[in-house]
Every structure is written in structure tokens, then in C-alpha cells.
Amino acid sequence: MGLASQADADTTAPMAYNQGFYNLFLAIGAALGVILYWTDAREAGFALAVFSAGSMAAAALVLLSTGRSRLRAAATQGTLPLLGVVFFLLALAF
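Heads up: the sequence shown begins at -14 in the working numbering, then just goes up one per residue.
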């Protein structure tokens, strides 16, 4: 990230810590949704997986909206969740 000073790093650390857990909880939600999808709770699993992955894909769009220099990071962050949403929606058709 290239912070200019230790003070900047100290200020940013709690936000990065929070963001890490936020992302972890979204990933757990997506994984749990996929697991539930293959049980009797298929509809709940579908909703949870699509919501979680959709949130990740939307966050990638928000990141991209902050500037073109973040295109690679947004693509890295959003490609797999977007594919997950697409595949779950295709599963709905079959």
C-alpha cells in the first residue's frame, strides 16, 4: 500500500483489521450457502451464496469506482464472486 509514515500505518491498521474480518465473514457466508445448497435447505443456501458473492462483486465495482488504477485489484477481488453468481443463476435454469 505504501503508507508514508508509521502514524499513517497506525491509523490504517484498525480499518484493515476490520476489513479482513468483514471479508472473512462474507467468504464464510458464501461457503455456508454452497453447503446448504446441497442439502434440504437449498433455497436458503442459494440466497446466502448469491447474496454473499454478489456483495463481494459489488464491492469490487465500488473499488473500481475509486479510480482506474485499481482495475487489477478490482478484477482480482470480483472475478470469482461474479463467476459464482453467474453459475448459481445458471443452476437455477436447470
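A virtual CB, placed ideally from N, CA and C, is assigned to each residue, including glycine.
Only a predicted model underlies this, so the values are computations on that prediction, with no experimental measurement involved.
Sequence-distant Cβ neighbours of A43 in its own chain, meaning closer than 7 Å and more than five residues away, do not exist here. Taken through DSSP and simplified to helix, strand or coil, A44 comes out as helix. In the three-state reduction of the DSSP assignment, T61 falls in the helix class. Annotated three-state conformation of A26 is coil, per DSSP. Per DSSP, reduced to three states, the secondary structure at L33 is helical. When secondary structure is reduced to three states using DSSP, L9 falls in the helix class. Cα atoms of L56 and A26: separation of roughly 37 Å, rounded to the nearest angstrom.
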